Structure formats: C-alpha cells, structure tokens
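Novice: Mind looking over this structure? Questions follow.
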C-alpha cells in the first residue's frame with residue numbers, strides 16, 4: 000500500500016505540473032497521465048475547444064463479490080474413536096452432500112483442553128467440536144462446569160439434517176438424562192458402555208459351569224473351581240481392572256439401590272460397601288485374581304490365561320475377536336444378593352460443541368449426519384466395535400439380522416443400564432478413584448492389617464478433604 004500511494008502522489012503532481020506548463024505557453028500540448036487502477040481507460044477531451052488533452056480517468060477499485068469458498072469445520076477427536084467407528088468416512092460423505100463445507104478431524108493432544116479454554120478466553124478458538132466426553136462420568140461435567148462446551152438444544156432445533164429431531168425421542172431415556180444439566184442437553188453420545196462380566200465359556204464348562212454367576216457367592220464358588228482346574232496351565236480364575244467403577248465401585252452398585260449419599264459420594268460407610276471391600280480382598284488373597292486384583296490383567300486376558308473379567312462391556316467383544324464368539328460371553332455382573340442393586344456404573348461416549356466455536360451449526364449437523372438414529376450403517380459399526388447403541392431403534396439391527404446374534408447380550412446391558420443410577424454431576428467420583436487406588440493396594444496385600452472399615456474411612460476422609468479444597 001505504501002508504494003501504491005507514492006506512485007499516486009507522483010502522478011498527481013505530474014498532472015498539476017503539466018497543466019501549469021500548458022497555461023504558460025498557451026500552445027496545444029498533449030499530456031499523458033498514467034494511474035494504477037483496476038483498468039486503465041484513456042479518452043480524449045477538448046480544453047477550451049482547441050487544446051486536445053489525453054487524460055486518464057481515475058476509476059476507483061471496487062471489490063467484486065467473492066466466489067464460493069470452502070468452510071473448514073475443525074473438530075478434535077481422539078484417534079481411538081476414529082479408528083473404532085467411521086467418523087472419517089462420514090466426514091467425507093458429509094462434505095460431498097454439503098458443498099462448501101469440509102470437516103477436518105484433528106487427533107487430540109496433550110494439554111488440548113487447556114489450550115481450548117485459553118482460546119475461548121481470548122476469542123481465537125479455531126475448533127467447533129470435540130470428543131470424546133463421558134456422560135454419567137467426570138469428563139462431561141468437567142467440560143460443562145469449566146464452560147468449555149455449550150448446550151446443543153438450539154442447534155438441534157435449527158438443524159435440517161435427517162434424524163436431528165428424533166435424537167432425544169429415540170435415545171434411551173437414561174442416556175438423555177446423563178447428558179442433561181440444568182435443563183439443557185450438552186453431550187451427544189454415539190454409544191454407551193457399562194460394567195459387565197466377561198467370561199470364557201470353555202474354561203467354565205471345564206468345571207461344570209454353563210451360566211455366568213448371578214451373585215457374589217456364586218462367583219466365589221466358580222472362581223475357586225477354575226483356580227484349581229487352571230493351575231497347571233497358569234490360568235487365572237477372574238480379574239478386575241484398576242478403575243474404581245469397574246471393581247469395588249461396581250460391587251457397591253450391585254449391592255445398594257442408591258449407591259450415593261447426600262454428599263454425592265459412594266456410601267463407603269454402609270455395610271454393603273465394607274462387604275464389597277472384603278469380597279474383593281478375599282478373591283485377591285485367595286489367589287483367584289492377579290496381584291492386587293488387576294496387575295497384568297490385559298495381557299493375561301488376551302493371552303488366553305484369564306477365565307473371567309469384570310470390566311467394560313466392550314472387553315467381551317475383544318475376547319470374542321481373539322478367541323471366537325462361542326468362547327467368550329458378556330453377561331450382567333454378579334450382584335450382592337440375587338436381583339439386588341442399582342445396575343452398574345455406565346457412561347455415554349459423547350461429542351460436544353465447544354463454547355464460542357466458529358461453525359457450531361455445521362459441526363452439529365455433521366454429528367447428526369454421522370451418529371444420528373437414521374444412520375444405520377454407523378449404528379452397525381458401533382455394535383460391531385463392541386459398544387452398545389444409544390438409540391432404541393438401533394436394537395432392531397440386532398433383532399432382524401441373524402448375523403448379529405452374538406450381540407444379543409447388548410439387550411441385557413440395555414436392561415441393566417435402564418435402571419442404573421447415574422453418577423452425580425461433578426468430579427467427586429474421580430476424586431474417590433484417586434484415593435481408592437492409593438489405599439486398595441495396601442488393603443489387599445498379604446499380611447496387611449488394614450481393615451475394610453479403615454480402608455473405606457481413609458478413602459472417604461481424603462476425598463472429603465480434596466472436595467473441601469475445591470470449594471475454597
């Protein structure tokens with residue numbers, strides 16, 4: 000721009016100088032003036048009807064409307080999710096159907112949440128959506144309470160995508176509830192998981208057992224049998240994973256109609272919670288689990304050295320892929336007493352719209368196109384990944400397709416979750432998990448004098464202290 004102005008100044012003064020000479024001499028002269036314009040137009044005019052002057056007309060540069068440009072809608076999505084279900088393929092299909100809109104999925108990275116919050120604060124956010132958050136867990140509440148995400152309701156109403164208006168009516172009510180806070184819908188789940196009992200039918204059959212254990216007592220009996228039978232082959236009878244929600248937390252769920260107190264903490268002081276800790280310790284010390292109840296569980300499971308595993312329901316499908324659909328079955332977890340309890344901990348795997356994102360309507364429309372109830376191909380991929388579908392209509396895929404007979408266990412998971420109690424809408428469960436993992440190892444160590452009550456009291460005291468710090 001500086002060079003353009005300089006040239007214009009030179010030209011302007013050139014015109015003035017030429018005019019001065021013309022007037023001084025009163026002789027006809029031809030003056031040529033050049034000026035940088037969008038297009039130079041030269042015309043001849045008469046000065047005083049006797050002096051022809053060549054003049055350049057100044058044409059102001061007027062911006063012409065830009066042609067269609069491609070809008071890039073950026074979404075942060077973890078690699079495990081894009082590797083599990085066809086988010087990428089759906090992004091390409093969506094772009095083909097929506098000219099001018101491109102969906103760019105970017106893998107998450109260390110510290111991405113902090114960066115997003117900083118960009119929201121500075122008004123420079125470049126992403127519109129993100130995944131995966133867990134509803135009925137700690138991550139979706141954290142995203143909401145930190146104002147990292149925004150409600151989806153207005154975008155849902157405005158969406159013209161097929162299936163958008165059926166989302167909340169077709170979705171399992173317990174999952175709608177898990178994504179709702181202060182009357183607004185915040186996280187759109189594409190699947191859900193809950194804690195299940197995944198067991199090897201061939202190993203159980205070797206000790207005369209053809210059904211999953213229904214109660215803790217049944218579990219202990221079959222675990223002892225499998226331990227003795229599998230000892231020569233180094234087959235471990237059963238295992239947990241380290242997470243509170245899949246281990247003692249699930250045991251507490253299976254024992255109490257309401258696992259939480261008015262403080263929104265697990266009811267660690269109940270007799271059922273103490274019994275859960277003791278049952279866990281007895282399995283570990285009895286040699287029926289890996290050390291501490293979970294050490295090396297995954298390698299043992301995938302190596303065929305684990306007869307049963309209480310974990311996420313998808314782990315059963317992992318086992319089926321490794322050993323055959325006839326060798327591994329996913330069943331509801333054993334309960335404290337037959338029929339007791341509040342289901343299991345569960346969570347929806349959700350995507351969300353980032354607060355102040357630049358293209359949130361387009362991001363939401365992509366989510367609907369990809370994950371909505373109308374996209375049966377996507378729902379089929381979800382089922383095949385071992386995740387349980389969130390829409391009632393998706394269960395017709397399992398019912399109507401004979402090839403999906405091995406996924407009928409998902410009906411049991413749906414039934415279990417439909418009467419489950421969602422975790423409180425805060426991060427208290429995650430806080431308890433931190434201290435649970437701190438004390439459970441000491442509690443189950445051979446020779447440890449720590450009692451179940453002492454373990455529970457320590458978890459509870461430390462959790463309360465941490466929560467009090469957050470409130471300051």
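Residue numbers (our numbering): 0 to 471.
Just so you know, even glycine gets a beta-carbon here, dropped at the ideal spot from N, CA and C.
In this text the structure is predicted, and so the values were computed from the model without any measurement.
Which one of 337, 396, 182 and 419 has the shortest CA to CA distance from residue 149?
Specialist: As a first step, residue 149 must be located in the chain shown, where it is residue number 150. Closest option to residue 149, Cα to Cα, is 182.
Novice: When you compare only the Cα positions, how much space is there between residue 340 and residue 221?
Specialist: Residue numbering aside, residue 340 sits at position 341 when the chain shown is read from its first letter. Residue numbering aside, residue 221 sits at position 222 when the chain shown is read from its first letter. Residue 340 and residue 221: Cα-Cα distance of roughly 21 angstroms.
Novice: Run through DSSP, which three-state label would residue 268 get?
Specialist: Start at 1 with the first residue of the chain shown, and residue 268 comes out as number 269. Residue 268: coil per DSSP, three-state reduction.
Novice: Do you know how far the Cα of residue 425 is from the Cα of residue 88?
Specialist: The residue you call residue 88 lines up with position 89 of the chain shown. The residue you call residue 425 lines up with position 426 of the chain shown. In a straight line, the C-alpha of residue 88 is about 34 angstroms away from that of residue 425.
Novice: DSSP three-state label for residue 476, please.
Specialist: What is shown of the chain runs 0 to 471, which leaves residue 476 out entirely.
Novice: Please list, in chain order, all residues of the same chain as residue 313 whose beta carbon is under 8 angstroms from its beta carbon, the five residues on each side excluded.
Specialist: Taking the chain shown and counting its residues from 1, one reaches residue 313 at position 314. The residues are 192, 384, 385 and 386.
Novice: So, helix, strand or coil for residue 72, using DSSP?
Specialist: One-based indexing of the chain shown puts residue 72 at position 73. Looking at residue 72 - three-state DSSP - the assignment turns out to be strand.
Novice: Tell me, to the nearest whole angstrom, how far the beta carbon of residue 296 is from that of residue 318; I am working on the premise that it is less than 8 angstroms.
Specialist: In the chain shown, counting from the first residue as 1, residue 296 sits at position 297. In the chain shown, counting from the first residue as 1, residue 318 sits at position 319. Wrong, their Cβ atoms sit about 12 angstroms apart, outside the cutoff.
Novice: Would you kindly check if the distance between the Cβ of residue 427 and the Cβ of residue 273 is under 8 angstroms?
Specialist: Working through the chain shown from its first residue, we reach residue 273 at position 274. Working through the chain shown from its first residue, we reach residue 427 at position 428. No, the pair does not count as a contact, with Cβ atoms beyond the cut-off.
Novice: In the DSSP assignment, find the unbroken beta strand (DSSP E) run with residue 194 in it and report its ends.
Specialist: Here residue 194 is taken as the residue at index 195 of the chain shown, counted from 1. First-last of the beta strand (DSSP E) with residue 194: 187 to 199.
Novice: Could you tell me the boundaries of the alpha helix (DSSP H) in which residue 239 lies?
Specialist: Walking along the chain shown from the start, residue 239 turns up at place 240. Per DSSP, residue 239 belongs to no alpha helix (DSSP H) and is neither H nor E.
Novice: Quick one: any contact between the region 239 to 258 and the region 416 to 425, if contact means 3 or more CB pairs under 8 angstroms?
Specialist: Contact between the region 239 to 258 and the region 416 to 425 is present, because at least three Cβ pairs lie under 8 angstroms.
Novice: Taking one C-beta from the region 150 to 157 and one from the region 114 to 133 each time, how about it: are there three or more such pairs within less than 8 angstroms?
Specialist: No, they do not touch.
Novice: Does the beta-carbon of residue 224 have 16 or more other beta-carbons within 10 angstroms, so that it is buried, or is it exposed?
Specialist: One-based indexing of the chain shown puts residue 224 at position 225. Buried, because 16 or more other Cβ atoms sit within 10 Å of the Cβ of residue 224.
Novice: Does the distance from the CB of residue 408 to the CB of residue 307 come in under 8 angstroms?
Specialist: Start at 1 with the first residue of the chain shown, and residue 408 comes out as number 409. Start at 1 with the first residue of the chain shown, and residue 307 comes out as number 308. In this structure, residue 307 does not lie closer than 8 angstroms to residue 408 by Cβ.
Novice: For residue 366, which residues from the same chain have a beta carbon less than 8 angstroms from its beta carbon, with the 5 sequence-adjacent residues on both sides left out?
Specialist: Here residue 366 corresponds to residue number 367 of the chain shown, with the count starting at 1. The residues are 128, 187 and 350.
Novice: Please identify the residue among 136, 335 and 207 whose C-alpha is closest to the C-alpha of residue 279.
Specialist: In the chain shown, the residue the question calls residue 279 occupies position 280. Nearest of 136, 335 and 207 to residue 279, Cα basis: 335.
Novice: Indicate whether residue 435 and residue 247 have their beta-carbon atoms separated by less than 8 angstroms.
Specialist: Numbered from 1 along the chain shown, position 436 holds the residue referred to as residue 435. Numbered from 1 along the chain shown, position 248 holds the residue referred to as residue 247. In this structure, residue 247 lies closer than 8 angstroms to residue 435 by Cβ.
Novice: Under 7 angstroms Cβ to Cβ from residue 391, same chain only, skipping five residues before and after it: list those, please.
Specialist: The count along the chain shown starts at 1 and reaches residue 391 at position 392. Result list for residue 391: 169 and 171, in chain order.
Novice: Take the Cβ of residue 231 as the centre, count every other Cβ of all protein chains shown within 10 Å, and call the residue buried at 16 or more, exposed below.
Specialist: Sequence index remark: in the chain shown, residue 231 carries index 232 (1-based). Label assigned to residue 231: exposed.
Novice: Quick one: complete alpha helix (DSSP H) runs, 4+ long, within the region 343 to 388?
Specialist: If we require 4 residues or more, the alpha helix (DSSP H) runs fully inside the region 343 to 388 come out as 359 to 370 and 375 to 383.
Novice: Tell me, to the nearest whole angstrom, how far the beta carbon of residue 315 is from that of residue 443; I am working on the premise that it is less than 8 angstroms.
Specialist: By one-based count along the chain shown, residue 315 stands at place 316. By one-based count along the chain shown, residue 443 stands at place 444. 25 angstroms between Cβ atoms; not a contact.
Novice: In this structure, does DSSP put residue 155 in helix, strand or coil?
Specialist: Locating residue 155 in the chain shown gives position 156, where the first residue counts as 1. Residue state, collapsed to three classes: helix.
Novice: Just mark residue 338 as buried or exposed, buried being the case when its beta carbon has 16 or more other beta carbons within 10 Å.
Specialist: Position 339 of the chain shown, counted from the first residue, corresponds to residue 338. Exposed, by the Cβ-count rule.
Novice: What is the DSSP secondary structure of residue 170, counted as helix, strand or coil?
Specialist: Your numbering for residue 170 matches position 171 in the chain shown. The answer is strand: DSSP assigns residue 170 an E or B state.
Novice: Residues in its own chain within less than 8 angstroms of residue 12 by CB, not counting five upstream and five downstream?
Specialist: As a first step, residue 12 must be located in the chain shown, where it is residue number 13. Legend: pLDDT at residue 12 = 35, less than 50; position of this residue unreliable, no value from coordinates given.
Novice: Hey, would you say residue 455 sits closer than 8 angstroms to residue 267, going by beta carbons?
Specialist: Locating residue 455 in the chain shown gives position 456, counting from the first residue. Locating residue 267 in the chain shown gives position 268, counting from the first residue. Result yes, Cβ atoms of residue 455 and residue 267 sit closer than 8 angstroms.
Novice: Grouping DSSP H, G and I as helix and E and B as strand, with all else coil, what is residue 103?
Specialist: Translated into the one-based positions of the chain shown, residue 103 becomes position 104. Correct three-state label for residue 103: strand.
Novice: Within 10 angstroms of its Cβ, does residue 80 collect 16 or more other Cβ (buried), or is it exposed?
Specialist: Counting from 1 along the chain shown, the entry for residue 80 is found at position 81. The residue in question, residue 80, is buried, as its Cβ has 16 or more Cβ neighbours within 10 Å.
Novice: Given 8 angstroms as the limit, is there contact between the region 319 to 326 and the region 232 to 242, that is, 3 or more CB pairs closer than that?
Specialist: Touching, no, given that fewer than three Cβ pairs across the two stretches are closer than 8 angstroms.
Novice: For residue 180, which beta-bridge partners are listed by DSSP?
Specialist: Indexing the chain shown from 1 puts residue 180 at position 181. DSSP output for residue 180 lists 183 as bridge partner(s).
Novice: Name the DSSP beta bridge partners of residue 438, please?
Specialist: The count along the chain shown starts at 1 and reaches residue 438 at position 439. In DSSP, residue 438 forms no bridge with anything.
Novice: Ignore the nearest five residues each way along the sequence and tell me which others in residue 78's own chain have a CB closer than 6 angstroms to its CB.
Specialist: Position 79 of the chain shown holds residue 78. Once the five neighbours on either side are set aside, the close Cβ partners of residue 78 are 106.
Novice: Below 8 angstroms CB to CB, which residues in the same chain sit around residue 64 once its five sequence neighbours on both sides are set aside?
Specialist: Here the question's residue 64 lines up with position 65 in the chain shown. In this prediction, residue 64 scores a pLDDT of 48, lower than 50, which makes its location untrustworthy; the coordinate-derived value is nonetheless stated afterwards. Here the set comprises nothing.
Novice: Nearest to residue 440 by CA position, among 190, 276 and 375, is which residue?
Specialist: By one-based count along the chain shown, residue 440 stands at place 441. The shortest C-alpha separation from residue 440 is found at 276.
Novice: When the distance is taken between beta carbons, is residue 235 closer than 8 angstroms to residue 371?
Specialist: As a first step, residue 371 must be located in the chain shown, where it is residue number 372. As a first step, residue 235 must be located in the chain shown, where it is residue number 236. Their beta carbons are not under 8 angstroms apart, which means residue 371 does not touch residue 235 by this criterion.
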